[in-house]
Structures are given as structure tokens and as C-alpha cells.
Amino acid sequence: AVLVRVLKNSNTLGIAIEGGGSTRQPLPRIVSIQKGGSAHNCGQLRTGQVILEVDGIPLQGREHKDAARIIAEAFKTKEKGHIDFLGKDY
Amino acid sequence: VREKRLTLPPSEITML
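So the protein lines, in turn, are chains L and S. Residue 92, in my numbering, is where the first sequence stops; the numbers in between run on with no holes. Residue 19, in my numbering, is where the second sequence stops; the numbers in between run on with no holes.
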């Protein structure tokens, strides 16, 4: 597993995810990274990586929408200028 | 177990 810190230096996070509980892909996986988004600027996230935790919140067992909401809220909150992703290499 | 996995649906995709 690898810890990646993404700085919120763009208006968008810029990732697309698939997967979640009760699907063929039980943990959310990054399927694309948009240029110019914070994730792309960070340079350490890769398409195909599976996300285990977001800011210390485990995503195991969460439905897709729930996992997406957690990531969206982590990006939206202004309390912190970054998001920590615990990822598993692809 | 393998058959069960194959019956799981694909996931939707969300842009964040």
C-alpha cells in the first residue's frame, strides 16, 4: 500500500472511480485521471490504483455511492488543504 | 465462490 497526499490546488479533484461493495470490483478503483485536476497535479496517483482509505476512512465494504461521497466530501472540506489516499498499487 | 463473483454486477463510474 502507498500513501499519497493530494494537495487541493485545483477546483476539481479530477478522478473517475468505479467499484464498491456488492460489485465485481469490491474496492473503488481509479479508472481515469483528468489533466489539470488536483490528482493529476499531484503526479502520484495512477489509473488502475485501488483506494483503500481516504483521510484515514476505510472504504472496504462501502457501496459505490458511499465511497464516492466520502471522497467528494474530503475534497470539499476547507478544513484541510490536502487529501490523503491510501492506495494499493495496480 | 467463483460463480458467485461472476454474477456480481459491474459498478457505475463516478467522476470526482
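Yeah, the Cβ is synthetic: ideal placement off N, Cα and C, and Gly gets one too.
Neighbours of T25 of chain L across chain S, judged by C-beta separation under 9 Å: L11, P12, P13, S14 and E15.
Beta-bridge annotation (DSSP): R7 of chain L is paired with L:D86. Per DSSP, reduced to three states, the secondary structure at R26 of chain L is coil, with no helix or strand assignment. Just so you know, the alpha carbons of G22 of chain L and F77 of chain L end up roughly 19 Å apart.
In chain order, S14, E15 and T17 make up the part of chain S whose C-beta sits under 8 Å from the C-beta of H66 of chain L. Inclusion of K90 of chain L and V33 of chain L in the CB contact set at 8 Å is not warranted, their separation being larger than that value.
Here the C-alpha atom of S12 of chain L lies approximately 39 Å from the C-alpha atom of T10 of chain S. Of the residues assessed, R7 of chain L falls on the exposed side of the cut-off, its CB having fewer than 16 other CB atoms within 10 angstroms. Listed in chain order, the non-local C-beta contacts of L54 of chain L below 8 Å within the same chain comprise A3, L29, P60, L61, Q62, L88, G89 and K90, local neighbours out to five positions each way being set aside. Looking at the DSSP output, A18 of chain L shares a beta bridge with L:S34 and S:M18. Under a 10 Å Cβ-count criterion, S24 of chain L is classified as exposed, with fewer than 16 other Cβ atoms of the shown protein chains found around its own Cβ.
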